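To start, the structure under review is shown below, and the notes come after it.
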Amino acid sequence: MENSAYNYRGRLAPSPTGLLHLGHARTFWTAQQRAQAARGTLLLRNDDLDTARCRPEFVSAMVEDLRWFGLTWTEPMVTQSQHLPRYRAALARLHAAGLIFPCTRSRRDVLAAASAPHDGDENDEPLYPPEFRPAPGTPLPPLTDPITVNWRFRVPDGETLTFLDGRGGAQHATAGRDFGDFLVWRKDDTPSYQLASVVDDAAMAITEVVRGADLIKSTFRQLLLFRALGHPAPAFYHCPLVNDAEGRRLAKRHDALALRTLREQGRDPHEIRGAW
Ligand code: GLU
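With positions in the sequence shown counted from 1, the corresponding number in this note's numbering is that position plus 59.
Pasting the structure below:
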């Protein structure tokens, strides 16, 4: 690539909730290739905010397995649990702008009242019922410390959002129809993935997000957050998901295809990549 003012910055953002598998490796390999092609920088972000599911031993395993596979990144790794104040500051800005509301409904209430997402994607969360929103004109209660209720972003109903995916081309979704009001902060006082990811992508000056196609719907939510927080949105490139021999999407429970298992079997990462 020509020497230009464009300074590509990408990231690998695994969650240490289990062992990484071939699906992660394939997406991360694409991320690395895109960063290298642009003579850019690749960073590693440890998405460890889900305290119930993340475990320290999975952090060291993920670093080891990524290195074994041939991935390299610019140190230091960014660990989300060390940046709680910046997510909280972003939440305060959304609150000051009146873009969020507290939600005391349980997951079960939402499931019972919700209509299915427009395209019937069973991996995505159900549409938040608009009748659960606070009545118009209800004053917004202050943010408490600690936070003990869920806070949701109020999506602009009927607005169609668009982005140009680096792999799949133009993508569209309509707020309030394809996705609804989504969590930005949880009642256990932790930021949601959507908020933390946007705040970090901005703080880390990421120019392109490469990740699995399962997160396309999240990209639309995140575009709303980038806009609400006044940050330019990065470019996006969503990779196809890898399926197992039965056609099921790989998950962290697929130990047979965990990078660790392949390594223990003496498999060669070059040869694995060659099959792609
Ligand atoms: N940590 C997220 C996950 O493993 C990915 C986040 C992202 O790439 O935005 O699903």
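Glycine is no exception: its CB is placed at the ideal position from the N, C-alpha and C atoms. As the structure is a prediction and not an experimental result, all values here were calculated from the model.
Neighbourhood of residue i by C-beta distance below 7 angstroms, restricted to the same chain and skipping five residues each side
i      : result
His177 : In this predicted model, His177 has a pLDDT of only 49, less than 50, meaning its place in the structure is not dependable enough to derive any value.
Ala171 : none
His83  : Pro73
Arg213 : Leu158, Ile159, Phe160, Arg192 and Asp240
Val301 : Leu81, Gly82, Arg85 and Leu309
Trp132 : Leu71, Leu101, Leu102 and Leu103
Strand pairing of residue i, partner residues [DSSP]
i      : result
Arg68  : Thr100
Phe191 : None, per the DSSP bridge assignment.
Gly271 : Cys298
Gly228 : Asp224
Ile159 : Phe212
His80  : Ala317
Thr138 : Asn105
Thr133 : Leu102
Thr233 : Thr219
Pro250 : Trp244
Arg308 : Asn302
Phe128 : The partner list for Phe128 (beta bridge, DSSP) is empty, contrary to what the question assumes.
Gln238 : Rather than Gln, the amino acid found at residue 238 in this sequence is Phe. Beta-bridge pairing links Phe238 to Ala234.
Whole-angstrom distance between residue j and residue i, CA atom to CA atom
i      : j      : result
Gly227 : Arg68  : 20 angstroms
Pro299 : Arg245 : 30 angstroms
His297 : Val257 : 16 angstroms
Arg152 : Leu202 : 11 angstroms
Arg70  : Leu186 : 29 angstroms
Lys276 : Gly225 : 15 angstroms
Trp282 : Asp183 : Going by the sequence as given, residue 282 is Leu instead of Trp. Distance between the alpha carbons of Leu282 and Asp183: 17 angstroms.
Pro328 : Leu102 : 21 angstroms
Ala310 : Leu81  : 10 angstroms
Glu134 : Gly333 : 28 angstroms
Cys286 : Val122 : The amino acid occupying residue 286 in the given sequence is Arg; Cys does not appear at that position. Taking the straight line joining both Cα atoms gives about 32 angstroms.
Arg147 : Pro293 : 22 angstroms
Phe117 : Val169 : 32 angstroms
Ala234 : Leu284 : 13 angstroms
Pro115 : His290 : 31 angstroms
Ala255 : Arg98  : 27 angstroms
Thr219 : Ala90  : 28 angstroms
Asp259 : Arg164 : 28 angstroms
Ala194 : Ala262 : 34 angstroms
Buried or exposed (CB count within 10 angstroms, at least 16 for buried), residue i
i      : result
Ala72  : buried
Arg308 : exposed
Pro189 : exposed
Trp335 : exposed
Gly217 : exposed
Asp247 : exposed
Pro144 : exposed
Pro75  : buried
Asp204 : exposed
Ala304 : exposed
Pro223 : Correcting the residue identity first, residue 223 is Leu in this sequence and not Pro. Exposed, because fewer than 16 other Cβ atoms sit within 10 Å of the Cβ of Leu223.
Thr86  : buried
Glu267 : buried
Identity of the residue in the options nearest residue i by Cα
i      : options                           : result
Gln92  : Arg326, Gly325 and Arg270         : Arg270
Cys113 : Gly77, Asp303 and Arg319          : Gly77
Tyr252 : Ala294, Leu318, Leu81 and Asp106  : Asp106
Val243 : Thr110, Arg280 and Asp204         : Arg280
Ile159 : Arg167, Val122 and Leu150         : Leu150
Asn66  : Ile265, Leu284 and Ile331         : Ile265
Arg166 : Arg322, Phe191 and Arg319         : Phe191
Arg322 : Ala94, Thr89 and Phe128           : Phe128
Trp88  : Gly325, Leu125 and Val137         : Leu125
Ile206 : Pro250, Ala229, Gly325 and Ala194 : Pro250
Ala229 : Ser119, Phe295 and His154         : Phe295
Leu199 : Ala317, Ala173, Pro215 and His154 : His154
Ser140 : Asp260, Arg104 and Gln324         : Arg104
Ala120 : Ala317, Arg164, Ala173 and Ala194 : Ala317
Thr110 : Gly325, Thr100 and Thr138         : Thr138
Beta-carbon proximity list for residue i, same chain, < 6 angstroms, skipping 5 on both sides
i      : result
Cys162 : Asn209 and Arg211
Thr221 : His231
Close Cβ partners of residue i (< 8 angstroms) along its chain, the five nearest in sequence each way excluded
i      : result
His314 : The residue asked about is misnamed: residue 314 is Asp in this sequence, not His. Same-chain partners within the cutoff: Leu78 and Thr320.
Ala156 : Ala287
Gly196 : none
C-beta neighbour in chain C for residue i, strict 8 angstroms
i     : result
His80 : Chain labels in this structure do not include chain C; a single protein chain is all it has.
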